[in-house]
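Student: A single structure is presented below for examination.
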Amino acid sequence: MANTRFQYVRAFELPDPLLPHTHLVLRIDGHAFHKFSDAHGFRKPNDERALQLMDKAAQIVMEEYPDILLGFGESDEFRSQLPIQEIDKTLQSTAEDSKIVSMLTSLFTSAYVFNWKTYLPDTELKYPPSFDGRVVVYPGKQEIRDYFSWRQADTHINNLYNTTFWALVQQGGMTAREAETRLKGTLSKDKHEIMFSSFSINYNSLPERFKKGSVLVREVLQSEPVQVANPNVQKENIDIADVIDPVMDTQIVPDANPTKSESKRAAKKDKRVPPTTVRVVHVDIIKDEFWTARPELLDS
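Next comes the structure, spelled out in structure tokens:
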């Protein structure tokens, strides 16, 4: 900023740094999405097209910021995990709450709008959707695991209720108020019984996406196998003298004392991060198996 009498206003820009060496969770939620989903005719209780669109927006965020380790989505929400020391490098700035939230939330929103026609080609986008975001700081590994376990447990609870509710409305002919009254005070087993006995719906056979949500994980891409020449194939006879420069026909001895810059380049090459891809899976993240298979999620 130029050195003018107006620059005093910068004093009002207060920093909002995040604690170092902690775990961050970015929370993105649809704003007024009940109204948005009704306006665009989303299917009840679950519209797989809309859920796939949310997954795609989340994938784009994770692909743009490769330090994001884990994502989880259900309904109109997306959660992602990122150690603060890594996001600081990715954003090329001080790790400030407002900057992280604004950049990642705006990218998610624009990705959602950009891919709308791919997943809902027959539905006109009537007005722009909006998402709010915030960053929550967690102190350790157990808290981060418990957070994602909580979100998946909540996914199951919400889906069980919504599936039963909409069965009563769509197939049972009840009004929304009547369905709410019918389900008031019921337990999980009661909802299972209502669905199965009244509507022949076996909740356990429903798609895992609806019951477990979407888990976005980063996986290392496997290198393409090197093609080895077949030794049994005969090669054309070529005089070696015709293709070797006599001046270069000597044994090359590597420099025993490489320069400092060469050593740095070699070290940098060894530390290169292998290419990864973001996969969307619908698996249990409450049990140990998921975390045991991916120790980097909690050890980062």
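Everything in the sequence shown is counted per the UniProt record's numbering, starting at 1 for the first residue and increasing by one.
We put the beta carbon where it would ideally sit given N, CA and C, even for glycine.
1) Please state whether the Cβ-Cβ distance between V220 and P274 is less than 7 Å.
2) Locate the beta strand (DSSP E) running through S214, then write down its first and last residues.
3) What is the DSSP secondary structure of T276, counted as helix, strand or coil?
4) So what does DSSP say about Y65, is it helix, strand or coil?
5) For Y112, count neighbouring Cβ atoms within 10 angstroms of its own Cβ and tell me buried if that reaches 16, exposed if not.
6) If you measure between the beta carbons of G30 and D97, is that distance less than 7 Å?
7) Quick one: any contact between the stretch 176-194 and the stretch 42-54, if contact means 3 or more CB pairs under 8 Å?
8) With burial defined as no fewer than 16 other Cβ atoms inside 10 Å of the residue's Cβ, what is the status of S167: buried or exposed?
9) Tell me whether W116 is buried or exposed, calling it buried when 16 or more other Cβ atoms sit within 10 Å of its Cβ.
10) Would you identify the three-state DSSP class for R5, choosing helix, strand or coil?
11) Going along the chain, which residues of its own chain have a beta-carbon closer than 8 Å to the beta-carbon of E180, five neighbours each way excluded?
12) What runs of the beta strand (DSSP E), each 3 residues or longer, lie entirely inside the UniProt domain "tRNAHis guanylyltransferase catalytic" (6-139)?
13) Once DSSP output is grouped into helix, strand and coil, what is the label at V281?
14) Cα-Cα, which of A57, E74, S80, I60 is closest to I68?
15) Just how far apart, CA to CA, sit K35 and L125?
16) If you follow the alpha helix (DSSP H) that R177 is part of, which residue opens it and which one closes it?
17) Taking the straight line between their C-alpha atoms, what separation do you get for N158 and Y127?
18) What three-state label does DSSP hand N159 in the structure shown?
Tutor: Quick look at the numbers:
1) yes
2) 214-220
3) strand
4) coil
5) buried
6) no
7) no
8) Note on residue identity: the sequence assigns Ala, not Ser, to residue 167. With 16 or more other Cβ atoms within 10 Å, it is buried.
9) buried
10) coil
11) F165
12) 23-30, 70-74, 77-83, 131-138
13) strand
14) S80
15) 13 Å
16) 176-183
17) 27 Å
18) helix
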